[in-house]
Amino acid sequence: MERLLRTLLLVCVLLGVAAYTPLSDETLQNLPAAGPDFDIHTGSILAPILIPRVPGSPGSTAVQQHFADWFKTNLPNWTLEFQNSTSTTPATGARQVPFTNIIVTRDPPWTKRGEVGRLALVAHYDSKLTPAGFIGATDSAAPCAMIMHAARSVDEALTRKWAAMEADGSLGLEEEKGVQILFLDGEEAFVSWTNTDSLYGARSLAEEWEATPYVAMSTYHTPISSINLFLLLDLLGTAKPRVPSYFKTTHWAYQSLAGIEMRLRSLGILQSKPDHPFLPESEKPANQFNNAWGVQDDHIPFMARGVEVLHIIPTPFPNVWHKMEDDGAHLDMPTVEDWAKMVTAFVGEWMDLEGYFPQKALAVDDVAPTKKDELSDTT
């Protein structure tokens, strides 16, 4: 009987994540913009990522340190962890290359390990080995920056909501939900994309988390099973992207994000002016989905283990894909800002934060921003 009750609780938790509260127009209008923090030369979030960051290189170490310093300074209530692995690559022969995944988590303060289902915000932070000096602004420095901004934008609202729940004794009346950021290393192939020359960090983390049990009778059995949605951002930051809905099982989440885009545009909040939505497939018929893995990316090892994935990657890929032109100067900053605001709103709705965001006077000031070319199944 106890096992049955646990199963029913888990079902309720999994069903509950789909029933999140829309943000009001006022809240959407008050969401902060990144502004100077996204300046490609001096921005405190984005600029330090816009360097070559091949796994195991000094640039990679510098970006890891940037992430660690930024989260410790700006979001001290979030837990910062590193997951390390090594692997040989076709480009390095017998030499073991180090890969470091960065995991940043915020859960309700009263919860225990294994009791929290999480929204995972995911991007890879490594850059390609070739061409030499490649930066990868869309691939995926800008997506990392979008996630960092979203985390900072919801942080105070999370604190307020959880403090209110503790004060009014409403703990345990809803599913326990947290937010987890995964900055993954080694997504890019060193020579050419294969099952073994790609996704180094994602494969290591998914394997480790599947094999790491929580204590008996926890709501979730392993860290990987606690991911309720794996929201993966990649190749974002050029103008007029078209992002399809790749998976039938998460089309509802795609529709939610598309609805957020529509509302933000109707309110005049978004800065870009494309001739089509970023997310144009909200009405995609069920019979147009297939059972494929979609675009090959960091979600594959997680999806293979049953994790639900919302993949936000444009098709076709940006014209700068895997070219030296994929740098800060070629980012369309209104588009970058808009994605950051859309992701922030999605997290706010997922976490039921309506009514807990600070008023405009307490938010980061809105500041006007400074100013994969082929269809492929690899990034």
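Going left to right, the sequence shown walks through residues -19 to -1, 1 to 360 as mature numbering (1 follows the signal peptide of the UniProt record, and there is no 0) numbers them.
Beta carbons are placed, not taken as given, at the ideal position from N, Cα and C, and that holds for glycine.
Here the structure is a predicted model, which is why all the values come from computation and not from measurement.
- Message: So if DSSP puts Ser68 in a beta bridge, which residue, or which two residues, is it bridged to?
- Response: The sequence position of residue 68 within the sequence shown is 87, counting from 1. Paired residue(s): Val78.
- Report the three-state DSSP secondary structure of Lys341 (helix, strand or coil). By one-based count along the sequence shown, residue 341 stands at place 360. Note: Lys341 maps to helix in three-state DSSP.
- Task: Between the Cα of Glu52 and those of His105, Gly95 and Phe164, spot the shortest distance and give me the residue it belongs to.
- Result: Your numbering for residue 52 matches position 71 in the sequence shown. Glu is not the amino acid found at residue 52; the sequence shown has Phe there. With distances taken between Cα atoms, Phe52 lies closest to Phe164.
- Query: Quick one: what does DSSP say His280 is sitting in, helix, strand or coil?
  - Reply: Position 299 of the sequence shown, counted from the first residue, corresponds to residue 280. In the structure shown, His280 sits in coil (DSSP, three-state: anything other than H, G, I, E or B).
- Query: Buried or exposed: where does Glu7 fall if 16 or more other Cβ atoms within 10 Å of its Cβ makes it buried?
  - Reply: Start at 1 with the first residue of the sequence shown, and residue 7 comes out as number 26. Result: exposed.
- Let me know if Pro90 comes out buried or exposed under the rule of 16 or more other beta-carbons within 10 Å of its beta-carbon. Taking the sequence shown and counting its residues from 1, one reaches residue 90 at position 109. With fewer than 16 other Cβ atoms within 10 Å, it is exposed.
- Message: Three or more C-beta pairs under 8 Å: does that hold for the region 130 to 142 against the region 325 to 343?
- Response: yes
- Item | CB contact flag (Leu334, Leu210, <8 Å) | Position 353 of the sequence shown, counted from the first residue, corresponds to residue 334. Position 229 of the sequence shown, counted from the first residue, corresponds to residue 210. Going by C-beta atoms, Leu334 is not nearer than 8 Å to Leu210.
- Item | Helix, strand or coil at Gly159 according to DSSP, with G and I counted as helix | Indexing the sequence shown from 1 puts residue 159 at position 178. Reduced to three states, the DSSP call for Gly159 is strand.
- Message: Assuming the contact rule is C-beta atoms closer than 8 Å, Thr219 and Asp279 should be a hit. Round their C-beta distance to whole Å, please.
- Response: Indexing the sequence shown from 1 puts residue 219 at position 238. Indexing the sequence shown from 1 puts residue 279 at position 298. With a Cβ gap of about 20 Å, Thr219 and Asp279 do not count as contacting.
- When Pro222, Pro3 and Ala15 are compared against Pro295, the one with the closest alpha-carbon: Translated into positions along the sequence shown, residue 295 becomes position 314. Cα-wise, what sits closest to Pro295 is Pro222.
- Message: On a Cα-Cα basis, can you pick out the residue from Gln269, Thr111 and Leu238 that is closest to Tyr1?
- Response: Against the sequence shown, residue 1 aligns to sequence position 20. Cα-wise, what sits closest to Tyr1 is Leu238.
- Could you check the C-alpha separation between Gly336 and Ala72 for me, to the nearest Å? Mapped onto the sequence shown, residue 336 falls at position 355. Mapped onto the sequence shown, residue 72 falls at position 91. C-alpha separation (whole angstroms): 52 Å.
- Query: Just reading off the alpha helix (DSSP H) that Arg133 is part of, what are its end residues?
  - Reply: Locating residue 133 in the sequence shown gives position 152, where the first residue counts as 1. Ala123 to Asp149 is the extent of the alpha helix (DSSP H) around Arg133.
- Query: Would Ala15 pass as a contact of Ala285 if the rule is Cβ separation under 8 Å?
  - Reply: To locate residue 15, count along the sequence shown from 1; it is residue 34. To locate residue 285, count along the sequence shown from 1; it is residue 304. The answer is no: Cβ separation not under 8 Å.
- Counted within 10 angstroms of its Cβ, other Cβ atoms place Leu248 as buried (16 or more) or exposed: For the purposes of this step, residue 248 is taken as residue 267 along the sequence shown, with counting starting at 1. It counts as exposed.
- Query: Does the region 18 to 33 come close enough to the region 262 to 274 that 3 or more CB-CB pairs lie under 8 Å?
  - Reply: no
- Query: How close, in whole Å, do the beta carbons of Glu191 and Ile208 come, if the pair is a contact with beta carbons under 8 Å?
  - Reply: Walking along the sequence shown from the start, residue 191 turns up at place 210. Walking along the sequence shown from the start, residue 208 turns up at place 227. In fact, because the Cβ distance is near 11 Å, the residues do not count as touching under 8 Å.
- Item | Nearest-angstrom Cβ-Cβ length linking Leu9 and Leu245, presumed shorter than 8 Å | Here residue 9 refers to the residue found at position 28 when the sequence shown is read from its first residue. Here residue 245 refers to the residue found at position 264 when the sequence shown is read from its first residue. Going by Cβ atoms, the distance from Leu9 to Leu245 rounds to 6 Å, so yes, they are a contact pair.
- Message: Buried or exposed for Trp331, going by 16 or more other Cβ atoms inside 10 Å?
- Response: Counting from 1 along the sequence shown, the entry for residue 331 is found at position 350. By the 10 Å Cβ count, Trp331 comes out buried.
- Collapsed DSSP secondary structure at Val290 in the structure displayed: The count along the sequence shown starts at 1 and reaches residue 290 at position 309. Correct three-state label for Val290: strand.
- Neighbourhood of Asp166 by C-beta distance below 6 Å, restricted to the same chain and skipping five residues each side: Indexing the sequence shown from 1 puts residue 166 at position 185. Here the set comprises Pro36, Phe80, Thr81, Asn82, Asp107 and Gly182.
- Message: If you follow the alpha helix (DSSP H) that Asn55 is in, where does it begin and where does it stop?
- Response: Taking the sequence shown and counting its residues from 1, the one referred to as residue 55 is at position 74. Taken as a continuous stretch (DSSP letters only), the alpha helix (DSSP H) holding Asn55 covers Pro39 to Asn55.
- Message: On the DSSP letters alone, give me the boundaries of the alpha helix (DSSP H) that Asn300 sits inside.
- Response: On the sequence shown, position 319 is the one that residue 300 refers to. Counting along the chain, Asn300 falls outside any alpha helix (DSSP H), and DSSP gives it neither H nor E.
- Task: Using the Cα positions of Trp274 and Asp149, report the straight-line distance between them to the nearest angstrom.
- Result: Within the sequence shown, residue 274 is the residue found at index 293, counting from 1. Within the sequence shown, residue 149 is the residue found at index 168, counting from 1. Taking the straight line from one Cα to the other gives about 44 Å.
- Residues near Ala170 in its chain [Cβ-Cβ closer than 7 Å; skip 5 each side]: Start at 1 with the first residue of the sequence shown, and residue 170 comes out as number 189. Excluding residues within five positions, the ones whose Cβ falls inside 7 Å are Asp178 and Ser179.
- Kindly indicate which three-state DSSP category Glu242 falls into: helix, strand or coil? Locating residue 242 in the sequence shown gives position 261, where the first residue counts as 1. In this structure, Glu242 counts as helix in the three-state DSSP scheme.
- Query: So is Lys93 buried or exposed if we call it buried at 16+ other beta carbons inside 10 Å?
  - Reply: Here residue 93 is taken as the residue at index 112 of the sequence shown, counted from 1. Per the 10 Å Cβ criterion, exposed.
- Query: Using the C-alpha atoms, what's the distance from Glu168 back to Ser41?
  - Reply: The residue given as residue 41 occupies position 60 in the sequence shown. The residue given as residue 168 occupies position 187 in the sequence shown. Each residue's Cα considered, the two are about 13 Å apart.
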